[in-house]
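Peer 1: My structure is below; once you've seen it, I'll send some questions.
2 protein chains.
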Amino acid sequence: MSSAAKTLALLSHFTDLRPEIGLSQLCRLAGRDKATTYRHVQALEEAGFVEQNPATKRYRLGPAFLQLARTRERTVPRKAGVEAPLHMLAEATGETAHVAVLSGTTLYALHQLESVKHSTRVLIDVNTFPLHATASGLCALAFGPTELLDLASKTMPRFTPETITTPDALEGEIAVTRQRGFAQSSGGYEHDVHSMSAPIFDQTDLFAGTVSVACVATRVTPELARIIYEHLVLASRGITYNWGGSVPDIIEAAWAGSLTGTEALEPMT
Amino acid sequence: MSSAAKTLALLSHFTDLRPEIGLSQLCRLAGRDKATTYRHVQALEEAGFVEQNPATKRYRLGPAFLQLARTRERTVPRKAGVEAPLHMLAEATGETAHVAVLSGTTLYALHQLESVKHSTRVLIDVNTFPLHATASGLCALAFGPTELLDLASKTMPRFTPETITTPDALEGEIAVTRQRGFAQSSGGYEHDVHSMSAPIFDQTDLFAGTVSVACVATRVTPELARIIYEHLVLASRGITYNWGGSVPDIIEAAWAGSLTGTEALEPMT
DNA sequence: TGTATCGGTTCATATATTGAACCATTGGTT
DNA sequence: AACCAATGGTTCAATATATGAACCGATACA
Numbered sequence: 086m087s088s089a090a091k092t093l094a095l096l097s098h099f100t101d102l103r104p105e106i107g108l109s110q111l112c113r114l115a116g117r118d119k120a121t122t123y124r125h126v127q128a129l130e131e132a133g134f135v136e137q138n139p140a141t142k143r144y145r146l147g148p149a150f151l152q153l154a155r156t157r158e159r160t161v162p163r164k165a166g167v168e169a170p171l172h173m174l175a176e177a178t179g180e181t182a183h184v185a186v187l188s189g190t191t192l193y194a195l196h197q198l199e200s201v202k203h204s205t206r207v208l209i210d211v212n213t214f215p216l217h218a219t220a221s222g223l224c225a226l227a228f229g230p231t232e233l234l235d236l237a238s239k240t241m242p243r244f245t246p247e248t249i250t251t252p253d254a255l256e257g258e259i260a261v262t263r264q265r266g267f268a269q270s271s272g273g274y275e276h277d278v279h280s281m282s283a284p285i286f287d288q289t290d291l292f293a294g295t296v297s298v299a300c301v302a303t304r305v306t307p308e309l310a311r312i313i314y315e316h317l318v319l320a321s322r323g324i325t326y327n328w329g330g331s332v333p334d335i336i337e338a339a340w341a342g343s344l345t346g347t348e349a350l351e352p353m354t
Numbered sequence: 086m087s088s089a090a091k092t093l094a095l096l097s098h099f100t101d102l103r104p105e106i107g108l109s110q111l112c113r114l115a116g117r118d119k120a121t122t123y124r125h126v127q128a129l130e131e132a133g134f135v136e137q138n139p140a141t142k143r144y145r146l147g148p149a150f151l152q153l154a155r156t157r158e159r160t161v162p163r164k165a166g167v168e169a170p171l172h173m174l175a176e177a178t179g180e181t182a183h184v185a186v187l188s189g190t191t192l193y194a195l196h197q198l199e200s201v202k203h204s205t206r207v208l209i210d211v212n213t214f215p216l217h218a219t220a221s222g223l224c225a226l227a228f229g230p231t232e233l234l235d236l237a238s239k240t241m242p243r244f245t246p247e248t249i250t251t252p253d254a255l256e257g258e259i260a261v262t263r264q265r266g267f268a269q270s271s272g273g274y275e276h277d278v279h280s281m282s283a284p285i286f287d288q289t290d291l292f293a294g295t296v297s298v299a300c301v302a303t304r305v306t307p308e309l310a311r312i313i314y315e316h317l318v319l320a321s322r323g324i325t326y327n328w329g330g331s332v333p334d335i336i337e338a339a340w341a342g343s344l345t346g347t348e349a350l351e352p353m354t
């Protein structure tokens, strides 16, 4: 591990819950000698990445981040971070992968990618996703702001015989979704489409959108569903990271519960 | 210079105007060997501070900044209270308004806003402001901690023919700044830029940063200068209040003196 | 075809990093 | 008031780690 890497690793110990860290505490957290940690912190302070609170002598994140975060946002639009995970998702599942973003109370299609594996594939041809009738929508209802549910309950147009059209049924499905960490919709919007969806979070750590796989319904098997779930987890982690967020512990726990039996899944980078 | 410091210094080369940098170009900018630069960039990439654009192979700032900037702002709220006063300042003057914060002995760019009034406008494209060559820097020297002057006097690189490069001239300018309550710099850093700057104070009632207006030099008239001064006062009071501080009486008195007499408002000759 | 870039890799050299032991202060306990 | 256990910060010999010239393969260009 390079000296620079050790230095950078120090920054990861500063969080919302522990925004100020003294030298000794930082040593313990980093598991490194005090002199070493001190020099590393000096380098960080020099560059504006940490600053010392004059009152407490403890260190906190510095002002340089604001400027650099601004440049990052200007450089990389949100869509750019979605391309690679979606590609992997579509490849691994052989189905259509897509991402939607929540803006206000509407889920907008942001990007989609079709796998070339099969000659039949699902094409997403809507700009916005109905909340009650799609896996993405259920995901938003389960993990997004609560006002979405009030709005969705008001009008639930029927698209297919499978569409959920009663508030009770909707709430039941949302409960299952919360417990699982994924949403699922079989033919609720378009007849032959089976969809699975996981939430994405941004730098506010709030629900920001969904990543989904839309399958031709006749191809769905338990094995494929499992593969899709596993890769949805990876894609969600990857996109969430790229958008500057972190997956809430409660979601990770739900995923772990749904995927028991598989080895630990590494985040996508 | 430590290896970590060299690594961190690489990040300062990424700006809005140069958001993506290839390995070779980064070597030249950093003035360092390619292998060294490569390893440093690797360490940065590992930590999420840069990422490689797969298409161009060039590097750009990474997603880690979004999270860290958010934590910084939650720890030390600075940016939140700056938006509104800057907006008013930019609107009222028709020029570019910006805020810098002092951390240690360095002035970091915090936020900026360009007025849409004119088709030509000043773009702030630096992360840190040189103390001797900018209005913000002069402001820090005049109203900030005394050790800044020792530091600034040591190295005063010349950026333009107008740059102050002798300690005597610098001290003279600082004296004028103290007396006026504003700093002023005409083309000292970039040739066609005329800048005016007022200090900001935080909850310790010590100098915490600057609020400035950067004008296209050819547009500066005594009338515009007066408007800028008046609105700088308002912006400084507003931001100082928001940061939990209060403007020292001595500064208020200096402002009052500057804004009654007309001669003090004349631009630098 | 030859040349000049580019991103990335290797390896001997020597320079910069390391941590135990050491201060000087501070704040709480007896 | 003396004591103790923290804290932030410093020193120096030992050595682990960073360094850069030279190299590689790929690409672009003329």
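Listed in order, the protein sequences are those of chains A and B. The end of the first sequence is residue 354 by the working numbering, with every number in the run present. The end of the second sequence is residue 354 by the working numbering, with every number in the run present. Yeah, the Cβ is synthetic: ideal placement off N, Cα and C, and Gly gets one too. Since the structure is predicted, the reported quantities are computational estimates derived from the model, not experimental observations.
Thinking just about the alpha-carbon of each residue, which of A/His183, A/His98, A/Cys224, A/Lys202 is nearest to the one in A/Thr262?
Peer 2: Position 177 of the first sequence, counted from the start, is the residue given in the question as residue 262 of chain A. The option with the nearest alpha carbon to A/Thr262 is A/Cys224.
Peer 1: Answer yes or no: does any C-beta atom of chain B fall closer than 8 angstroms to that of A/Phe150?
Peer 2: On the first sequence, position 65 is the one that residue 150 of chain A refers to. Judged by the 8 angstroms Cβ criterion, A/Phe150 is in contact with chain B.
Peer 1: Which residues, in order along the region 95-126 of chain B, keep a beta-carbon less than 9 angstroms from a beta-carbon of chain A?
Peer 2: Leu96, Ser97, Phe99, Thr100, Asp101, Pro104, Glu105, Arg124, His125
Peer 1: Give the DSSP bridge partners of A/Ala220, in chain order.
Peer 2: Stepping through the first sequence from its first residue, residue 220 of chain A is reached at position 135. BP columns for A/Ala220 are empty, so no partner.
Peer 1: For the candidate residues B/Ser97, B/Ser238, B/Leu129, B/Leu187, whose alpha-carbon lies nearest to that of A/Leu95?
Peer 2: Against the first sequence, residue 95 of chain A aligns to sequence position 10. That would be B/Leu129, whose Cα lies nearest to the Cα of A/Leu95.
Peer 1: Just curious, the beta strand (DSSP E) that B/Tyr274 is in, first and last residue?
Peer 2: Locating residue 274 of chain B in the second sequence gives position 189, where the first residue counts as 1. Premise fails: B/Tyr274 is in no beta strand (DSSP E) and is neither H nor E.
Peer 1: Below 8 angstroms between beta carbons: does that hold for A/Met281 and A/Ile249?
Peer 2: As a first step, residue 281 of chain A must be located in the first sequence, where it is residue number 196. As a first step, residue 249 of chain A must be located in the first sequence, where it is residue number 164. Contact: no.
Peer 1: Locate the beta strand (DSSP E) running through A/Ala132, then write down its first and last residues.
Peer 2: The residue labelled residue 132 of chain A in the question sits at position 47 within the first sequence. Segment: none, A/Ala132 is in no beta strand (DSSP E) and carries neither H nor E.
Peer 1: May I ask you to report which of helix, strand or coil DSSP gives B/Gly33?
Peer 2: Absent from the model: residue 33 of chain B. The displayed extent of chain B is 86 to 354, so no value can be given.
Peer 1: Could you give the DSSP three-state label for B/Arg38: helix, strand or coil?
Peer 2: Examination of residue 38 of chain B is not possible in this model, given that chain B is present from 86 through 354 alone.
Peer 1: Would you list, in sequence order, the uninterrupted beta strand (DSSP E) runs of no fewer than 3 residues that lie entirely inside the region 97-185 of chain A?
Peer 2: Secondary structure remark: continuous beta strand (DSSP E) runs of at least 3 residues inside the region 97-185 of chain A, in chain order: 135-137, 144-146.
Peer 1: Along chain A, in chain order, which residues have C-beta atoms closer than 9 angstroms to that of B/Phe292?
Peer 2: As a position in the second sequence, residue 292 of chain B is number 207, starting the count at 1. Scanning chain A for C-beta atoms nearer than 9 angstroms to the C-beta of B/Phe292 yields nothing, as the closest lies near 13 angstroms away.
Peer 1: Please list, in chain order, the chain B residues whose beta carbon lies closer than 7 angstroms to that of A/Gln288.
Peer 2: Sequence index remark: in the first sequence, residue 288 of chain A carries index 203 (1-based). The contacting residues are Leu151, Gln152, Arg155.
Peer 1: Given 8 angstroms as the limit, is there contact between the region 262-271 of chain B and the region 166-174 of chain B, that is, 3 or more CB pairs closer than that?
Peer 2: no
Peer 1: Per DSSP, what kind of secondary structure is A/Thr306 in: helix, strand or coil?
Peer 2: Reading the first sequence from its first residue, position 221 is the one you call residue 306 of chain A. The answer is coil: DSSP assigns A/Thr306 none of H, G, I, E or B.
Peer 1: For B/Thr355, name the three-state secondary structure that DSSP assigns.
Peer 2: Nothing about residue 355 of chain B can be reported from this structure: the residues present for chain B run from 86 to 354 only.
Peer 1: Where does A/Gly229 land, buried or exposed, given buried means 16+ other C-beta within 10 angstroms?
Peer 2: Here residue 229 of chain A refers to the residue found at position 144 when the first sequence is read from its first residue. By the 10 Å Cβ count, A/Gly229 comes out buried.
Peer 1: So, B/Ser204 versus B/Thr181, is the Cβ gap smaller than 8 angstroms?
Peer 2: Working through the second sequence from its first residue, we reach residue 204 of chain B at position 119. Working through the second sequence from its first residue, we reach residue 181 of chain B at position 96. Not a contact, by the Cβ cut-off of 8 angstroms.
Peer 1: Can you list, in chain order, the residues of the region 174-198 of chain B whose Cβ is nearer than 7 angstroms to any Cβ on chain A?
Peer 2: Under the 7 angstroms Cβ criterion, the region 174-198 of chain B contributes Val186, Ser188, Gly189, Thr191, Tyr193, Ala194, Leu195.
Peer 1: How would you label B/Asn212, buried or exposed, when you count the other beta carbons within 10 angstroms and need 16 or more for buried?
Peer 2: On the second sequence, position 127 is the one that residue 212 of chain B refers to. So B/Asn212 counts as buried.
Peer 1: Just how far apart, CA to CA, sit B/Leu208 and A/Lys202?
Peer 2: In the second sequence, residue 208 of chain B corresponds to position 123, counting from 1. In the first sequence, residue 202 of chain A corresponds to position 117, counting from 1. So the alpha carbons of these two residues sit roughly 49 angstroms apart.
Peer 1: Can you pull out the residues from the region 232-251 of chain B whose beta carbon lies closer than 7 angstroms to at least one beta carbon of chain A?
Peer 2: none
Peer 1: Beta-carbon of B/Asn327 versus every beta-carbon of chain A: anything under 8 angstroms?
Peer 2: What you label residue 327 of chain B is simply residue 242 of the second sequence in a count that begins at 1. Taking Cβ atoms only, chain A never reaches closer than 8 angstroms to B/Asn327, which makes this a no.
Peer 1: Using a cut-off of 9 angstroms between C-beta atoms, extract the partners of A/Glu337 located in chain B.
Peer 2: The count along the first sequence starts at 1 and reaches residue 337 of chain A at position 252. Result: empty, since nearest Cβ-Cβ is about 16 angstroms, beyond 9 angstroms.
Peer 1: For A/Gly257, would you say it is in contact with chain B, using Cβ-to-Cβ distances shorter than 8 angstroms as the test?
Peer 2: As a first step, residue 257 of chain A must be located in the first sequence, where it is residue number 172. Taking Cβ atoms only, chain B never reaches closer than 8 angstroms to A/Gly257, which makes this a no.
Peer 1: Name, in chain order, the residues that DSSP records as bridge partners for A/Thr35.
Peer 2: Residue 35 of chain A lies beyond the range of chain A shown here (86 to 354); nothing can be said about it.
Peer 1: Assign A/Leu102 to one of two classes, buried (16 or more other C-beta atoms within 10 Å of its C-beta) or exposed (fewer than that).
Peer 2: Mapped onto the first sequence, residue 102 of chain A falls at position 17. With fewer than 16 Cβ atoms within 10 Å of its Cβ, A/Leu102 is classed as exposed.
Peer 1: Taking CB distances under 8 angstroms as the criterion, tell me whether B/Lys164 reaches chain A.
Peer 2: In the second sequence, counting from the first residue as 1, residue 164 of chain B sits at position 79. At least one chain A Cβ lies under 8 angstroms of B/Lys164.
Peer 1: When you compare the CB positions of A/Ser331 and A/Asp277, do they come within less than 8 angstroms of one another, or not?
Peer 2: In the first sequence, the residue the question calls residue 331 of chain A occupies position 246. In the first sequence, the residue the question calls residue 277 of chain A occupies position 192. Not a contact, by the Cβ cut-off of 8 angstroms.
Peer 1: For a quick check, are the C-beta atoms of A/Ala220 and A/Ser297 less than 8 angstroms apart?
Peer 2: Taking the first residue of the first sequence as 1, we reach residue 220 of chain A at position 135. Taking the first residue of the first sequence as 1, we reach residue 297 of chain A at position 212. Yes.
Peer 1: Using a Cβ-Cβ cut-off of 8 angstroms, state whether B/Ala299 counts as contacting chain A.
Peer 2: If you number the second sequence from 1, residue 299 of chain B lands on position 214. It does not: the Cβ of B/Ala299 has no partner Cβ on chain A nearer than 8 angstroms.
Peer 1: I'd like to know whether the C-beta of A/Glu308 is nearer than 8 angstroms to at least one C-beta of chain B.
Peer 2: Your numbering for residue 308 of chain A matches position 223 in the first sequence. With 8 angstroms as the cut-off, A/Glu308 does not count as an interface residue toward chain B.
Peer 1: With a CB to CB cut of under 6 angstroms and the five nearest residues on each side skipped, what residues in its chain are close to B/Cys300?
Peer 2: As a first step, residue 300 of chain B must be located in the second sequence, where it is residue number 215. Closer than 6 angstroms at Cβ, skipping near neighbours: Glu180, His279.
Peer 1: What does a CB cutoff of less than 7 angstroms around A/Ile259 pick up in its chain, not counting 5 residues either side in sequence?
Peer 2: In the first sequence, the residue the question calls residue 259 of chain A occupies position 174. Cβ within range, chain order: Leu223, Leu226, Ala227.
Peer 1: The alpha helix (DSSP H) that contains A/Thr190, what's its start and end?
Peer 2: Translated into the one-based positions of the first sequence, residue 190 of chain A becomes position 105. Run containing A/Thr190: none; DSSP gives neither H nor E here.
Peer 1: Please list the partners that B/Leu146 has in chain A, where partner means a Cβ-to-Cβ separation under 7 angstroms.
Peer 2: Start at 1 with the first residue of the second sequence, and residue 146 of chain B comes out as number 61. In chain order: Leu153, Thr156, Arg157, Thr160.
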